[in-house]
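Heads up, the thing below is written out as structure tokens.
Quick look at the structure:
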């Protein structure tokens, strides 16, 4: 009680209160401007995908020999909530999900320990495995779709080549994380063996595979020191292009070299089509200058570039930076007929939702202040109008200082807490109002007594 009375006397007898109010509001404005904005909160849910390669096994064999034993093994780890797998020809993906709130690093250490301490139980058909942690920040915040309104001139393979150059530029942007290209046929050099030519040159497919493997390799053979310098000697080289591959020697028969071009056809071009990616437009796109020359209802070949952000960064800023860079590349690097369209923008979505919740918070605050001013008077309403914004401003500053982000969950929590925040100043003001109306003691003494009664 004495401590509370001392605090009350300190602020009643000094003029520092207006400066503290202004300073608190400025801290809140600063926090609102610099705190990263996201659509979803940063919930810690440790997850990891274990990618297993088992060449030669069918789907059923992968499930019986690889996926199911690993599921049972990972389920023994402390803190694991779910384990599920996907079996494919020659490979499997086992996903391990821990409980919410489990420490990420400790969870991954447990997973690694369990996996590598049971290598004796892994079937011999398993060639390799990779543990890839999964985080919420791996989800792309921006997906840019490259498409062509001249598919005869720029097909999906050409779009893929353009997308690879764009991806390189986007990776260089600060605060960007994982990127991925979806759609389009990548460049691939294929070697199509001719059985008749192989038989005529007394060469097998294994001879070709072995010769290409050892020819397309560079190894460090030795080294020597000279004049305080260590010089490394490397042997071998890589095939620079398809023409060099055609002239590769794959066998020697009767003292004569057999070149790859004599037993196979080398094709440098798009890979075989394994997936289709299209983009279509409705009737509203006919008047959109960004859509280009499109026909509503028609599908155009497209390639998508997905970009994620780094942990704790502002989704709004990162997304805007990506869009600006894409606009620059579209104006300088894209051939005629190639366009880019943002088909996912979590930065804009997060900003809109945060602004909407801020507007809702402001409306709720105005309503509470108006009701209080109407019921008790404008002076009492002014006290509430000062206390609540200060509390929210300091809360936002502490939220930023602690490393949290502004998202719809944190702002919704502020809206819910509005009643609790208003409760204290309302009770204080009501009791002070009652003591001042009674006029039984000087105003300062009445304020001290009124606050002490409710504290």
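Residue numbers (our numbering): 2 to 456. Note that the Cβ used here is the ideal one computed from N, Cα and C, for glycine as well. Small disclaimer: the values here were computed from a predicted structure and weren't measured.
Asked	Found
Bridge partners - residue 375, DSSP secondary structure assignment	Answer by DSSP bridge pairing: none, since residue 375 is not bridged.
Residues bridged to residue 260 (per DSSP)	250
Where residue 59 falls: helix, strand or coil (DSSP)	coil
Bridge partners - residue 180, DSSP secondary structure assignment	308
Proximity winner among 362, 361, 383 and 404, relative to residue 371 (alpha-carbon distances)	383
Pairwise C-alpha distance: residue 136 and residue 412	23 Å
Where residue 1 sits in the DSSP three-state scheme	With the chain covering only 2 through 456, there is no way to say anything about residue 1.
Helix, strand or coil at residue 490 [DSSP, three-state]	Outside the shown range of the chain, which is 2 to 456, sits residue 490, and nothing can be said about it.
Ranges of the alpha helix (DSSP H) found wholly within the stretch 120-186, counting only runs of at least 4	157-172
Bridge partners - residue 194, DSSP secondary structure assignment	265
Beta-carbon proximity list for residue 350, same chain, < 7 Å, skipping 5 on both sides	40
Environment of residue 104 [buried if 16+ CB atoms lie within 10 Å]	exposed
DSSP three-state assignment for residue 208, whether helix, strand or coil	helix
Cβ contact (3+ pairs, closer than 8 Å) linking the stretch 253-272 and the stretch 197-205	yes
Residues bridged to residue 405 [DSSP beta-bridge criterion]	None, per the DSSP bridge assignment.
Straight-line Cα distance separating residue 130 from residue 210	24 Å
Given 8 Å, three or more beta-carbon pairs between the stretch 384-396 and the stretch 22-29	yes
Three-pair Cβ contact test at 8 Å for the stretch 62-71 versus the stretch 88-100	yes
Separation of residue 246 from residue 234, as counted between CA atoms	24 Å
Start and end residues, alpha helix (DSSP H) containing residue 446	444-454
Same chain, Cβ closer than 6 Å to residue 386, five either side skipped, listed in chain order	370
Enclosing alpha helix (DSSP H) for residue 29 [first to last residue]	18-35
Three-state secondary structure (DSSP) of residue 78	coil
Extent of the continuous alpha helix (DSSP H) run through residue 277	Per DSSP, residue 277 belongs to no alpha helix (DSSP H) and is neither H nor E.
Distance CB(residue 410)-CB(residue 141) smaller than 7 Å	no
Coil, strand or helix - residue 66 by DSSP	helix
For residue 334, the three-state DSSP class (helix, strand or coil)	coil
Per-residue DSSP class, three states only, for residue 50	strand
Counted within 10 angstroms of its Cβ, other Cβ atoms place residue 190 as buried (16 or more) or exposed	exposed
Nonlocal neighbours in the same chain, by C-beta distance under 7 Å from residue 100, ignoring five residues either side	80 and 82
Inter-stretch contact (C-beta, 8 Å, three-pair minimum) for the stretch 277-284 and the stretch 297-313	yes
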